[in-house]
Every structure is written in C-alpha cells, then in structure tokens.
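Whatever position you read off the sequence shown (first residue = 1), add 90 for the working numbering.
Don't be surprised by glycine CBs; every beta carbon is placed ideally from N, CA and C.
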Amino acid sequence: IPSLLVALEDDDMEVRKRAALALERIGYIEKILNEYGKEEFDAGLRKILFLVAEAGVIESLSEKLTSPDGQLQMRIVRLLGEAKTKEAANPLIELLGTSTDWTLKARIIQSLGRIGSKDSIPIMIENLKNNEYWVRTSAVEALGLLQATEYSDDVAKLLEDPNPLARESALIALSKLKVTTHWDSIEKLLMDPSTTVRSVALKV
C-alpha cells in the first residue's frame, strides 16, 4: 500500500491510474472512505481520495454517493468536482435527480459545472426556477462554466431574481458566455440596491 500511494503521484498518468485501480481492488479505497465520513476532517485521506478521483477510478466513490451519511455524500460530491472527474458526471446527475436536500443539490450542480458535464445543462435550466436561491445561484454559475451560450436568455432571467447573490451570479455567467444582448437588463443593475451587484454590473 505505501508503494501504491507513492505511485498515485507519479508523473505518468497511466501509472497513477493503475495505482488507483490496485488500491480499489484490494479494498483500500472503500476502507478509507468509511473513515473519511467521520466528523473530524482528515486532509491526508482527502488527498488520497482526490488523487484516485483525478485518475478516474471512482467505483467506491460512486457507491458512497448514495450513502445515508449526508456529510460523507457532501464531501465526495465536492471532491469529485474539484478533481474534475468526468467519469463522475452520470452518477452525480442520477443523485441530483433523486435528492431532496437543497444543499446537496447545490453542491452537485457546482461539481457538474466544474467537471464540464454538457449532459447536465437541461437539469441546470430546470433548477434556475428552484425555490432555494442557493440552488438557482449554483445552476446559473454552472451554465457559465459550461459555456451554455444558447441558454443565455434563461440565464438573463435571473438578473431580476429577488436574491442579490443570484443576480450577481447571473451577471458573471453572462460575462463568461460573452453574450452581446441583454444590455438593458444589465444596465438597470447599475442602480441595484446591492453595492456588489452594481459593481459587478459595471464590470460586465
């Protein structure tokens, strides 16, 4: 195991992937995942799991996505997004479809955006109407990351969102999409009650 853990940081991606697969097959990943779910955060375990996810070996990680342990779920979702694990897109989309926890939904959407999952765009559009502003904000930010230019009209609707964070995120997303429309709506936000929104509108 110590040698395999060293190999996880090898310069050669194929070596890293084979090391991750070996750790998966001997049950080491599943073992440390159970420890990773404990209340006290362990940066050492997170680093190992991050490297495994980065290598695209996600069998044990995917299985734990349906864990009743909400804290473990949240940590894995975030880790998969930060590792930009493309193999995790489908399991995350499935979890998003079944989850009723808005904080988890927001985290999944953020991770899908970081991963670059174009397949998740219809779900992002759907969640722009979510009752929770944090989910709406995550969805609009993800659409910006995914370069979903053809959905800029949907993004622009959030310029009138009652929550200032959602309006700010919509502005940033439109800037990333480099759209040359919706100037009237953007200009209105130069007079927004929120100082931050006014500042971001001026930058856009």
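Go through its chain and collect everything with a Cβ distance to residue 144's Cβ below 6 Å, but skip five positions before and after it.
Residue numbering aside, residue 144 sits at position 54 when the sequence shown is read from its first letter. Result list for residue 144: 173, in chain order.
Report the CB separation of residue 261 from residue 294 in whole angstroms; it is logged as a contact under 8 Å.
Taking the sequence shown and counting its residues from 1, one reaches residue 261 at position 171. Taking the sequence shown and counting its residues from 1, one reaches residue 294 at position 204. Residue 261 to residue 294, Cβ: 5 Å. Contact.
Per the contact definition of three or more C-beta pairs closer than 8 Å, is the stretch 177-185 in contact with the stretch 214-225?
Not touching, per the Cβ criterion.
With a threshold of 7 Å on Cβ separation, who are the neighbours of residue 263 within its own chain once the five nearest residues in sequence on each side are excluded?
By one-based count along the sequence shown, residue 263 stands at place 173. The residues are 230, 231, 233, 234 and 245.
Excluding five sequence neighbours on each side, which residues of the same chain lie with their C-beta closer than 7 Å to the C-beta of residue 258?
Position 168 of the sequence shown, counting from 1, holds the residue named residue 258. Excluding positions up to five away in sequence, the list reads 286, 287 and 290.
My output table needs one value for residue 222: the three-state DSSP class, helix, strand or coil.
As a working note, residue 222 is residue 132 in the sequence shown. It is coil, neither helix nor strand.
Is the stretch 154-162 close to the stretch 133-142, with three or more CB pairs under 8 Å?
The stretch 154-162 is not in contact with the stretch 133-142.
Mapping DSSP to helix, strand and coil, what is residue 131?
For the purposes of this step, residue 131 is taken as residue 41 along the sequence shown, with counting starting at 1. Residue 131 falls in the coil class under three-state DSSP.
Relative to the C-alpha of residue 165, which residue among 119, 194 and 204 is closest?
The sequence position of residue 165 within the sequence shown is 75, counting from 1. Measuring from the Cα of residue 165, the nearest candidate turns out to be 194.
How long is the line joining the alpha carbons of residue 218 and residue 106, rounded to whole angstroms?
Indexing the sequence shown from 1 puts residue 218 at position 128. Indexing the sequence shown from 1 puts residue 106 at position 16. Taking the straight line from one Cα to the other gives about 38 Å.
Ordered along the chain, which non-local residues of its own chain (more than five positions away) have a Cβ less than 8 Å from that of residue 207?
One-based indexing of the sequence shown puts residue 207 at position 117. If we look at residue 207 and ignore the five residues flanking it on each side, its Cβ neighbours are 176, 179, 182, 183 and 236.
Looking at the structure shown, is residue 147 part of a helix, part of a strand, or coil, going by DSSP?
As a first step, residue 147 must be located in the sequence shown, where it is residue number 57. Reduced to three states, the DSSP call for residue 147 is coil.
For residue 131 and residue 275, I'd like the C-alpha separation in whole angstroms.
Here residue 131 is taken as the residue at index 41 of the sequence shown, counted from 1. Here residue 275 is taken as the residue at index 185 of the sequence shown, counted from 1. Those two C-alpha atoms are separated by around 44 Å.
Leaving out five residues before and five after residue 91 in sequence, what residues of the same chain have Cβ atoms less than 8 Å from its Cβ?
The residue labelled residue 91 in the question sits at position 1 within the sequence shown. Excluding sequence neighbours, residue 91 sits near 113, 116 and 118.
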